[in-house]
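Quick notes on the structure that follows.
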Amino acid sequence: MQIGILGGTGRMGRGLAKRWSLAGHSLFIGSRTPDRAQIIAQEIARETGGSVQAGDLKTCARVGEVVVLSIPYRACPSLLPTLQEELAGKVIIDITNPFGAVKEGQTSGVEENARALGVSARWVAAFKTNFWATLDQPVNKDGIVRDCFYCGDDLEAKNLIAELIRQVGYRPVDCGPLSSARVLDLMVPLMIEIDRHLGGNHQSSWKILD
Ligand SMILES: NC(=O)c1ccc[n+]([C@@H]2O[C@H](COP(=O)([O-])OP(=O)(O)OC[C@H]3O[C@@H](n4cnc5c(N)ncnc54)[C@H](OP(=O)(O)O)[C@@H]3O)[C@@H](O)[C@H]2O)c1
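Structure, rendered in C-alpha cells:
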C-alpha cells in the first residue's frame with residue numbers, strides 16, 4: 098500500500114515511515130521543504146531497503162492511499178482546506194494532539210480537523226497516546242506489548258488502521274466511534290505528566306489489561 102505522511106520529516110512521521118517501510122509498504126514523506134524531506138526519505142530507504150519517496154504536501158496527499166496527518170495540530174485548520182481535492186474520500190489517520198486548543202470533552206482535534214477539511218473523508222484517530230520514542234520499541238523493557246488506542250466511525254477504515262498498528266508492533270485497542278477521541282485527547286497531557294514523574298524518557302504507555 099502507498100502511505101503518505103504529511104509532516105513525515107518529524108519524529109512521529111519518520112518513526113511510522115520506518116516501521117511501515119519495514120512491513121513492505123511504499124512511503125511518501127510530505128513536507129513544506131521537499132529537498133530536506135528527500136534526504137530523510139533516502140535515509141529511511143537505506144535503513145529499511147524499501148521504497149520511500151518525498152515531495153510537497155499536496156503531492157503526498159494525492160499519492161497516499163492512506164494519508165497520515167502528522168503535523169502540529171495548530172497548523173491543521175489552514176492546511177486541510179487546501180487539500181480538499183486530494184483528501185476527499187481518503188482514509189486519513191489523524192495522530193495530532195490539540196493540547197487544549199479545542200473545547201475539552203465537547204469535541205476533539207480529529208472532529209475539528211474533519212470539519213476543517215470540509216469534504217467527506219474516512220477519519221481514524223490513532224497513535225495519539227504513543228510517544229515517538231516507543232515506535233522503535235513497541236515492546237517495553239519488561240516484554241509487554243504497548244497498546245495503541247484508535248477510534249473512528251468507518252469500520253472498514255478502522256480495520257485497515259488496526260492492521261497498520263499491528264505492523265508497527267503495538268496492540269490495536271478499538272475505542273469505538275470518532276467521538277472517543279475527546280477522551281484520547283485528554284489522556285495525552287496526563288501521559289506526559291506521568292512520564293515526567295517516571296523520569297521523562299518518553300517510554301511510558303497506557304495499557305489496558307484484559
Ligand atoms: N511527539 C510525540 O511523541 C507524539 C505522539 C503522538 C502524537 N503526536 C502528534 O503528532 C504530530 C507530530 O508530532 P512530532 O512530535 O512528530 O512533531 P515534529 O517532530 O515537530 O514534526 C512535525 C512535522 O510537521 C511539519 N510542520 C511543522 N509546522 C508545520 C506547519 N505549520 N504546516 C505544515 N507542516 C508543519 C514539519 O515538517 P516540515 O518542516 O518538513 O514541513 C515537522 O517535521 C503532532 O500533532 C503531535 O501532537 C506526537
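According to this note's numbering, the sequence shown holds residues 98 to 307 in order. Even for Gly, the Cβ is constructed at its ideal location relative to N, Cα and C.
query                                                                                                          : result
V188 beta carbon less than 7 Å from that of R219                                                               : yes
DSSP-derived helix/strand/coil call for Q150                                                                   : strand
CB contact flag (P174, D282, <7 Å)                                                                             : no
Proximity of G110 and G104 at Cβ, strictly below 7 Å                                                           : yes
Ordered list of beta strand (DSSP E) runs contained in the stretch 163-202, each at least 3 residues           : 163-166, 188-191
4-residue-minimum alpha helix (DSSP H) runs that sit fully inside the stretch 227-265, ordered along the chain : 252-265
Buried or exposed by the 16-neighbour rule on C-beta atoms within 10 Å, applied to K200                        : exposed
Cβ-heavy atom distance, I262 to ligand 3, below 6 Å                                                            : Ligand 3 is absent from the structure shown, which contains only ligand 1.
Where S123 sits in the DSSP three-state scheme                                                                 : strand
Closest by C-alpha distance to A211, when choosing among L180, S123, L124                                      : L180
Residues that DSSP places opposite D282 in a beta bridge                                                       : D282 pairs with nothing; no bridge assigned.
Run of the beta strand (DSSP E) containing P131, from where it starts to where it stops                        : From DSSP, P131 is part of no beta strand (DSSP E) but of the alpha helix (DSSP H) over 131-145.
Cα-Cα separation, I305 to H122                                                                                 : 29 Å
Own chain partners of W229 with C-beta closer than 6 Å, once the 5 adjacent residues on each side are dropped  : R108, M109, G112
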